[in-house]
Structure formats: C-alpha cells, structure tokens
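All residue numbers for the sequence shown refer to this note's numbering, where the first residue is 1 and numbers rise by one.
Data block below; observations after.
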Amino acid sequence: MSKPENQLLDCFYQLPEEARQSLLDFAEFLVQRHAVRSPVADEPLGLPRPDNETVIAAIKRLSRNYPMLNKDKLLHETAGLVTEHMMRGRDALEVIDELELIFERHYQALNKEE
C-alpha cells in the first residue's frame, strides 16, 4: 500500500465506530462527486427526503436529485455545513434544511443562465 493509503487506514482504525461510518460516508460522497456522469435531465428528480437522514446521506440524495449541478460550485457551502454539523454539533435537521435551500438556489441560478 502507498503511504496515503496507510495513513488513511491508521486514521480509520483510531476512530470510534460512529466516526468510522462518517468517514466512509464522506469518502463515498467524494467518490460520487468525482465520478464521470452520464447526460442528465433538466429537472430535479424529486427524490423524497427520508426520515432520520444523515447530513452526508442528504448530500448524496441532493446530488442525485440535482444531477445537472456542478458539484464543485457547491463544495464550499456544503463542506462548511458538514463541518458545522460534525465539529460544532449543529443540528442535522437544520443543516439538511439549509442544504436543500442551497441546492435549490444553485438550480434556480442555473435556469437563469440558460
């Protein structure tokens, strides 16, 4: 294994189980963000918000719901909210509500560009 892979594993094994799951969720988010995407629809997909959704799961859902958005443009705002939730204890429901607004705002801005 490479040095970064070993570092990641070392970090992973030092974390408690709940934090390990958060790290895996975030890694999956990054993989999805950098994945090659096929052509997308012009309208949001209307994916429902499940009960007891985590912040990372909400980002994944919203990314799938708004496949036409450039995720790089959303990164700063979404990462800031994830940090507020994970490091400062901001309520998940409040953060998810704000994420919903951010994605909708970016979608509306994209429609104005066209």
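For glycine and all other residues, C-beta sits at the position ideal for the given N, C-alpha and C.
In whole angstroms, give me the CA-to-CA distance for GLU104 and ALA19.
Position 104 of the sequence shown, counting from 1, holds the residue named residue 104. Position 19 of the sequence shown, counting from 1, holds the residue named residue 19. Their Cα atoms are separated by approximately 29 Å.
Taking three-plus beta-carbon pairs below 8 Å as touching, is the region 86-93 in contact with the region 63-74?
Contact between the region 86-93 and the region 63-74 is absent, because fewer than three Cβ pairs lie under 8 Å.
C-alpha gap between ASN52 and TYR107, whole angstroms:
Looking up residue 52 in the sequence shown gives position 52. Looking up residue 107 in the sequence shown gives position 107. Straight through space, the alpha carbons of TYR107 and ASN52 are spaced by roughly 25 Å.
Quick one: Cα of ASN65 to Cα of MET87, how far?
The residue you call residue 65 lines up with position 65 of the sequence shown. The residue you call residue 87 lines up with position 87 of the sequence shown. Taking the straight line joining both Cα atoms gives about 27 Å.
I'd like the list of long-range same chain contacts for PHE12, defined as Cβ closer than 7 Å, with 5 residues on each side in sequence excluded.
Sequence index remark: in the sequence shown, residue 12 carries index 12 (1-based). If we look at PHE12 and ignore the five residues flanking it on each side, its Cβ neighbours are ARG20 and LEU23.
GLY89 lies in the alpha helix (DSSP H); which residues open and close that run?
Here residue 89 refers to the residue found at position 89 of the sequence shown. Where GLY89 is concerned, there is no enclosing alpha helix (DSSP H), given that its DSSP letter is neither H nor E.
Cβ-Cβ distance between GLU77 and ILE102 below 8 Å
Residue 77 sits at position 77 when you count from the first residue of the sequence shown. Residue 102 sits at position 102 when you count from the first residue of the sequence shown. Using a Cβ distance threshold of 8 Å, GLU77 and ILE102 count as a contacting pair.
Measuring only the C-alpha atoms, how far is SER42 from ARG49?
Looking up residue 42 in the sequence shown gives position 42. Looking up residue 49 in the sequence shown gives position 49. The identity of residue 42 in the sequence shown is Asp, whereas the question assumes Ser. Distance between the alpha carbons of ASP42 and ARG49 is about 20 Å.
Determine the contact status of VAL31 and VAL95, defining contact as a CB-CB distance below 8 Å.
One-based indexing of the sequence shown puts residue 31 at position 31. One-based indexing of the sequence shown puts residue 95 at position 95. No, Cβ-Cβ distance for VAL31 and VAL95 is not below 8 Å.
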